[in-house]
Structures are given as structure tokens and as C-alpha cells.
Amino acid sequence: MGIVSAWYRKRAWPVLLWPLSLLYRVLVKRRRHRLQRRCVPNPSLPPVVVIGNITVGGTGKTPLLIQLARELQARDVRVGIVSRGYGGNPPVLPCEVTALSSVEEVGDEAVLIRRSVDCPFVVDPQRPRGVEALARLGCELVLSDDGLQHYAMARARELVVLDGTRLFGNGLCLPAGPLREPVSRLAEVDRVLVNGGEAEQWRGVFADITLRTPALAMSVRPGRWVNIATGERVALDALPLGENGRLHAIAGIGNPARFFATVRELGYSPLCHPFPDHYRFSAHELSFAGEDTLVMTQKDAVKCERFAGRHTWYLEIEAQLEEHFWEELCDDMQRLAVTYAAGAEHKRN
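Have a look at this one:
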């Protein structure tokens, strides 16, 4: 059993790493305090809204970020996005992500986000430098893809997305558990959004944590199947299967089980093939499917476009919140952007 599985199934043996977890917590706390003392907000830079998590693995941050960017653009907010660019090798730093950027240059998540929303987007491991680049591009508000623990970057708001089915696992910090920071960190963030799971179950988890505002229920809903080779889009119940009816599902994301469960919920019985997060697939590795239908996540699809066959599809998804919660989040962010824009205009005059 892998260590990630052991964390979330609450097996006993990761507790052997508990002394290292204590050391990790001390180091994280010291680093945070040191960086926060140095981090002075710069009013000449646009406000930053961090969308992150306190656990390792996928929680649904990316769909939320994409939907927020779209909602803000619909309100005429000049929004930009900054990301570390994990898995990429940018030719320059900071590196602006365009419609022509490759996975090799900027990473899979950056390519996926840029194709989903047309706005200024910069990758840079030094996120503050990326925010400065977005300011030069005229952005009024910056959404940070992850970066909750990047304390060198000033932020106006912190949104944390949790996996509602896995939550905090065994509740321990790395390496004995999946937590990047203690659960108590949630009391300091502006919003906690819980992706999936049973609300009655996860609301009880927060009984001992004084959140600034009640946790919001969020879901990531599938839209359509999209053929990677042709771009054809079909309804969720109309996925073409071969003569033998066999379906393979692959996932190189933080929580492959979530994707496989979604495929099953759509009425299919896939043969599942999990891979590590950000895995770089090759044509040879996908050849096992032959003429069988093969499905994958949209994040994996951007890495497989060059060699995907006509039987290969990805699942289009989007984040969903109750309408008044979208309004509440976007109203707050729009106010941040308007205040910044007014200050910038005053300085110019």
C-alpha cells in the first residue's frame, strides 16, 4: 500500500513518521513567520486571491479558479492568473502563458487553465515577481493557482478547497499524513470550500475549528465527453464504445480515484489505470488500449494531444456553487479590483 493511500485510509504504520511530522510543523511555522515579517503589501500591485489547500493531492482548485476567472471577466474585471508552472521548463522567468504555450514549457495545469480562460497568465516559481509582471499587463486582480504556503507573496484573500470525501486523512502533517499545514490553519483563511462528500458528515469535522465564515459546499460536475483527436463533443451518456464494449480510464492527477468514481457514476464500468500526479504519458504507454475506448481527465488530455487516437476522449468539467455564493465571492473580489483600480488612477493623475 502506498503512503498516500495509508494516510487517507488511516492505517497505523504512517504514525511511525510522527516525530518527523513534529519537526516539519516547527520548520513550517518558523518559515511562515520569517517570510510574513518580510512580506510588506505593495499598494502599487493588484490584490492577490490565493486558491489553495492544506493537503497534498488534488482537491478541485483548478476548476474553481477557472470558473472564478470567467465570472470576474463577465463583470469586466481585468483579472490575471499566476502559477508556479509545476512540471514546466519556461524559457524565461516570469513567463507569459499564451494559447501556443506547451506543456513542456509551462506545465500541464497552466496549459489547461489558459485554454479554458482567455486572460493574462504568468508562471514563475517566484510568484511575487509573477504578480509584478501581471501588474505591467494591466491586471486589476490576480488569482493565484495554489500558493497558500508561498508566504513571500502578499495576498488580500485566501480560499481553501478541500476534498469532501478525503478531508484531512489521518489528520497528521507530512510525512506521517497529508497535511501541508495543521488543520488549525483553516481558522485564518477567508473561505473554506468543500468539494463533494456528504455535507452532514464534513460539517461535523469543523465543529472544533472557528472558521471566519461557514464552509461552502462545492461540486465539480461533468459536462460532455470531448474527443481529443477530432474535438467532437458528445453527451455524457453517449460515449462511443468499441465492439467489445471495453472502456479504459487513466488519470495522472492528485486523486485518480475521484475521476474513476465519476466515470462509474455516469453509468460506465471502466478498467482503471492510475498514474502519479502530473505524469508525462507517451504514445507507447497508451497503446495498451488498442481499439478500445480510452478516457482521461482534461488535465491529462493536454499532454496526450500529439498522439491521441480517435478512440480517446476527455471529460469536460466545471465547478459549481449555489448562485448566491458565486455572487458573494465575486462581489468581494470585484470590490478589491475596483479599489485597486481607483488607487492606480489617482496615482496617474
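Remember, this note's numbering sits 111 above the position in the sequence shown when you count from 1.
C-beta: ideal position from N, C-alpha, C; glycine also.
All figures in this text were calculated on a predicted structure; none of them were measured in a lab.
With distances taken from CA atoms, which of the options is nearest residue i?
{"i": "V126", "options": "L259, Q260, S295, P286", "result": "P286"}
{"i": "L304", "options": "A452, G282, E269, G363", "result": "E269"}
{"i": "Y451", "options": "E299, S155, I320", "result": "S155"}
{"i": "E376", "options": "P387, L347, P351", "result": "L347"}
{"i": "V272", "options": "V253, V242, L297, L283", "result": "L297"}
{"i": "L350", "options": "A368, Q312, T404", "result": "T404"}
{"i": "D229", "options": "L176, R314, W437, V300", "result": "L176"}
{"i": "S132", "options": "L283, G342, V294", "result": "L283"}
{"i": "Y119", "options": "V167, L146, Q178", "result": "V167"}
{"i": "R277", "options": "I320, R369, K458, G258", "result": "R369"}
{"i": "E427", "options": "V242, D256, R323, G342", "result": "G342"}
{"i": "D301", "options": "E243, Q431, G280, I162", "result": "I162"}
{"i": "A430", "options": "E182, D443, W124", "result": "E182"}
{"i": "A210", "options": "R122, V203, V316, A221", "result": "A221"}
{"i": "Q409", "options": "S227, D443, L259, A185", "result": "S227"}
{"i": "W437", "options": "R417, M329, V139", "result": "M329"}
Taking just the CA atoms, how far does residue j sit from residue i?
{"i": "E215", "j": "D411", "result": "13 angstroms"}
{"i": "G308", "j": "N366", "result": "14 angstroms"}
{"i": "P157", "j": "G334", "result": "33 angstroms"}
{"i": "P205", "j": "R195", "result": "10 angstroms"}
{"i": "L134", "j": "V331", "result": "35 angstroms"}
{"i": "H144", "j": "C150", "result": "10 angstroms"}
{"i": "C250", "j": "P130", "result": "44 angstroms"}
{"i": "V160", "j": "V208", "result": "19 angstroms"}
{"i": "W313", "j": "D274", "result": "10 angstroms"}
{"i": "L146", "j": "V190", "result": "26 angstroms"}
{"i": "A340", "j": "G420", "result": "6 angstroms"}
{"i": "G353", "j": "R291", "result": "43 angstroms"}
{"i": "R344", "j": "I114", "result": "38 angstroms"}
{"i": "E433", "j": "V137", "result": "38 angstroms"}
{"i": "P293", "j": "I165", "result": "8 angstroms"}
{"i": "M264", "j": "Y379", "result": "44 angstroms"}
Please list the terminal residues of the continuous beta strand (DSSP E) segment that includes residue i.
{"i": "H359", "result": "358-362"}
{"i": "G163", "result": "159-163"}
{"i": "Y135", "result": "Here Y135 belongs to no beta strand (DSSP E); instead the alpha helix (DSSP H) covers 129-149."}
{"i": "L179", "result": "Not the beta strand (DSSP E): L179 falls in the alpha helix (DSSP H), residues 172-185."}
{"i": "D256", "result": "252-256"}
{"i": "V190", "result": "190-194"}
{"i": "L405", "result": "404-408"}
{"i": "L383", "result": "The displayed chain sequence assigns Cys, not Leu, to residue 383. Element bounds for C383: 382-385."}
{"i": "R302", "result": "302-306"}
Under DSSP, the alpha helix (DSSP H) around residue i begins and ends at which residues?
{"i": "D219", "result": "219-227"}
{"i": "S116", "result": "114-119"}
{"i": "P367", "result": "367-376"}
{"i": "H395", "result": "394-397"}
{"i": "V316", "result": "310-316"}
Bridge partners of residue i, per DSSP?
{"i": "C206", "result": "V234"}
{"i": "Q431", "result": "S330"}
{"i": "T276", "result": "Partner(s): none; T276 has no beta bridge."}
{"i": "R344", "result": "V337"}
{"i": "Y425", "result": "V337, M407"}
{"i": "T166", "result": "L290"}
{"i": "L270", "result": "I162, R302"}
{"i": "C441", "result": "Answer by DSSP bridge pairing: none, since C441 is not bridged."}
{"i": "C284", "result": "L290"}
Assuming the contact rule is C-beta atoms closer than 8 angstroms, residue i and residue j should be a hit. Round their C-beta distance to whole Å, please.
{"i": "A468", "j": "H359", "result": "Here the chain covers residues 112 to 460 and nothing more, so residue 468 does not appear."}
{"i": "V480", "j": "V374", "result": "Since the displayed the chain opens at 112 and closes at 460, residue 480 lies outside it and no answer follows."}
{"i": "P387", "j": "F371", "result": "In fact, because the Cβ distance is near 15 angstroms, the residues do not count as touching under 8 angstroms."}
{"i": "L179", "j": "L440", "result": "7 angstroms"}
{"i": "L223", "j": "T173", "result": "7 angstroms"}
{"i": "I192", "j": "L248", "result": "No, I192 and L248 are not in contact; Cβ-Cβ is about 11 angstroms, not under 8 angstroms."}
{"i": "P201", "j": "V234", "result": "6 angstroms"}
Can a CB atom of chain E be found closer than 8 angstroms to the CB of residue i?
{"i": "Y390", "result": "Absent from the structure: chain E. Only one protein chain is present."}
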